[in-house]
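The working numbering puts the sequence shown at residues 122 to 238.
Yeah, the Cβ is synthetic: ideal placement off N, Cα and C, and Gly gets one too.
Given the structure is predicted, the values throughout are model-derived calculations rather than measurements.
Taking it in order: structure first as structure tokens, then the write-up.
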Amino acid sequence: MMAKVDLSNVELTEKAKEKIEAYYGWSKDWVPLRISKTVTLMVPPEKCNDEYRLKFMRKMNMTDTPKPKHAKADIDIDEANRLLSEGHKKKEVAKMFGVSVVTLDKHLRDASVGGGN
Numbered sequence: 122m123m124a125k126v127d128l129s130n131v132e133l134t135e136k137a138k139e140k141i142e143a144y145y146g147w148s149k150d151w152v153p154l155r156i157s158k159t160v161t162l163m164v165p166p167e168k169c170n171d172e173y174r175l176k177f178m179r180k181m182n183m184t185d186t187p188k189p190k191h192a193k194a195d196i197d198i199d200e201a202n203r204l205l206s207e208g209h210k211k212k213e214v215a216k217m218f219g220v221s222v223v224t225l226d227k228h229l230r231d232a233s234v235g236g237g238n
């Protein structure tokens, strides 16, 4: 689906406007439909509703809700340090806690500094 073009502020000859309207299927009575912060479409008045907006968003793989912030991983730092000192690899320890090695490193670093979020 192509985005509709608003020609209301453009100086064109009538013949040029007709050609553009025929190509894009645009009409002066169309209204703007806000899809997201950055996307607005010109649509016929009968399509200016939430149902059409959601249908377009699904078609374009856009999401209607913000992505959830990930909860802080539940890692027992003392246990992780004990396992690492016993000779387990970071990858194994991270897998035991269900996190990535990067996340494990971040938590270990935060704990050693005495901080964290």
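Please state whether the Cβ-Cβ distance between residue i and residue j is less than 8 Å.
| i | j | result |
| --- | --- | --- |
| ILE196 | PHE177 | no |
| LEU162 | LEU154 | yes |
I need the boundaries of the beta strand (DSSP E) containing residue i, first residue and last residue.
| i | result |
| --- | --- |
| THR159 | Element bounds for THR159: n/a, residue is neither H nor E. |
Write down the C-beta distance between residue i and residue j rounded to the nearest angstrom, noting that I regard them as a contact closer than 8 Å.
| i | j | result |
| --- | --- | --- |
| ALA232 | LEU225 | Not really, about 11 Å apart at Cβ, beyond 8 Å. |
| VAL222 | LYS211 | 5 Å |
What do you get for residue i, buried or exposed, if any count of 16 or more other CB atoms within 10 angstroms of its CB means buried?
| i | result |
| --- | --- |
| ARG179 | exposed |
| VAL164 | buried |
| ALA137 | exposed |
Kindly indicate the opening and closing residues of the alpha helix (DSSP H) around residue i.
| i | result |
| --- | --- |
| MET217 | 211-218 |
| GLU207 | Unbroken run through GLU207: none, as it is neither H nor E. |
| ASP150 | First-last for ASP150: undefined, no H or E at that position. |
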